[in-house]
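Following the numbering used here, the residues of the sequence shown are numbered contiguously, the last one being 916.
Heads up: the structure comes next, in structure tokens.
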Amino acid sequence: MKYPKLRELKEAVISLLTPAYTTKYPYAEHIPFEGFRGRPVVDDLNCVGCETCANVCPPNAITFTDDPEKKIRTIRRDYGKCIFCGQCEEHCITRKGVKLSDKIFDIADTDRSRNVDIQQKELLVCNNCGAVITTKEHLRFIHKKLGPKAYSSVLNLNVLNEKLRLAEDQDIDVEIVDNLKRKDMFNILCPNCLRLVLIKYL
Ligand code: SF4
Ligand code: SF4
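Pasting the structure below:
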């Protein structure tokens, strides 16, 4: 029979005399340690729906669905799949769209739908081909970040006009019925269609 070494005996005695590191949760309150990465919490006012967090989420817990007809982007965050890696927070372009809570650790539930967040954002869609450009909030965020430089793009000027009302909708957001014309440079177009106008007419 092997006898325990002195070091092991010492550790066993210390363990017996020191309080437990674990808590008796749920019977006693559990306070997570500093820097704990818990459930991600979304701040919808600071989330622009840009899709960056979905692209960096390792288990694909964040998904985006675009409905160009209704001009709606739906963002679905399934915390049942989340591995609490913090990539979404780290790469969020606004730095405030999503943050991992250092308090919410218990997300066990019999109903998985209670662990899902759904957000909806208004989309900007090309008036010619119907392609999704991005969300309106995303474009406004870029404008704010770039300042006046953003308005070297006609698309950005059109979105700025929505805010400032410098021109009436019918003058800039007109239906395209007879193929792309030079005037459509001032319409809401995706980069591909805008390029076609510029190549053809300028
Ligand atoms: S913490 Fe990681 S796994 Fe969870 S939603 Fe964010 S990126 Fe995805
Ligand atoms: S990266 Fe940030 S702003 Fe973009 S969709 Fe995710 S949470 Fe929202």
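Cβ coordinates follow ideal geometry from the N, Cα and C atoms, glycine included.
Compute the minimum distance between the beta carbon of residue i and the heavy atoms of ligand 2, and state whether it is under 7 Å.
| i | result |
| --- | --- |
| residue 804 | no |
| residue 767 | yes |
| residue 799 | no |
| residue 824 | no |
| residue 848 | no |
Cβ-heavy atom distance between residue i and ligand 1 below 7 Å?
| i | result |
| --- | --- |
| residue 770 | yes |
| residue 773 | yes |
| residue 818 | no |
| residue 761 | no |
| residue 860 | no |
| residue 731 | no |
| residue 843 | no |
| residue 754 | yes |
| residue 728 | no |
Can you tell me where the alpha helix (DSSP H) with residue i in it begins and where it stops?
| i | result |
| --- | --- |
| residue 787 | Counting along the chain, residue 787 falls outside any alpha helix (DSSP H), though it belongs to the beta strand (DSSP E) covering 786 to 792. |
| residue 736 | Taken as a continuous stretch (DSSP letters only), residue 736 belongs to no alpha helix (DSSP H), as it is neither H nor E. |
| residue 850 | 850 to 860 |
Beta-carbon of residue i versus every beta-carbon of chain D: anything under 8 Å?
| i | result |
| --- | --- |
| residue 824 | Looking at the structure shown, chain D is missing, and only one protein chain is on hand. |
Would you please state the rounded distance, in angstroms, between the beta carbons of residue i and residue j? I believe it to be under 8 Å.
| i | j | result |
| --- | --- | --- |
| residue 774 | residue 811 | Between residue 811 and residue 774 the Cβ distance is about 18 Å, and since that is not below 8 Å, they are no contact. |
| residue 803 | residue 813 | 5 Å |
| residue 838 | residue 786 | Not confirmed; about 12 Å, so no contact. |
| residue 755 | residue 815 | 5 Å |
Please list, in chain order, all residues of the same chain as residue i whose beta carbon is under 6 Å from its beta carbon, the five residues on each side excluded.
| i | result |
| --- | --- |
| residue 805 | 766, 770 |
| residue 736 | none |
Check this for me: beta carbons of residue i and residue j, under 8 Å apart or not?
| i | j | result |
| --- | --- | --- |
| residue 835 | residue 851 | yes |
| residue 791 | residue 776 | yes |
| residue 829 | residue 903 | no |
| residue 753 | residue 793 | yes |
| residue 788 | residue 832 | yes |
| residue 799 | residue 907 | no |
| residue 865 | residue 896 | no |
Enumerate in chain order the residues of its own chain whose CB-to-CB distance from residue i is below 8 Å, with the five nearest sequence positions on each side excluded.
| i | result |
| --- | --- |
| residue 762 | 807, 808, 811, 835, 849, 851, 852, 854, 855 |
From what residue to what residue does the beta strand (DSSP E) around residue i run?
| i | result |
| --- | --- |
| residue 812 | 812 to 814 |
| residue 778 | 776 to 781 |
| residue 821 | Looking at the DSSP string, residue 821 is not in any beta strand (DSSP E), and its letter there is neither H nor E. |
| residue 756 | 754 to 756 |
| residue 838 | 830 to 839 |
Take residue i and list the residues in its own chain whose beta-carbon comes closer than 7 Å to its own, dropping the five residues that flank it on each side.
| i | result |
| --- | --- |
| residue 768 | 776, 777, 778 |
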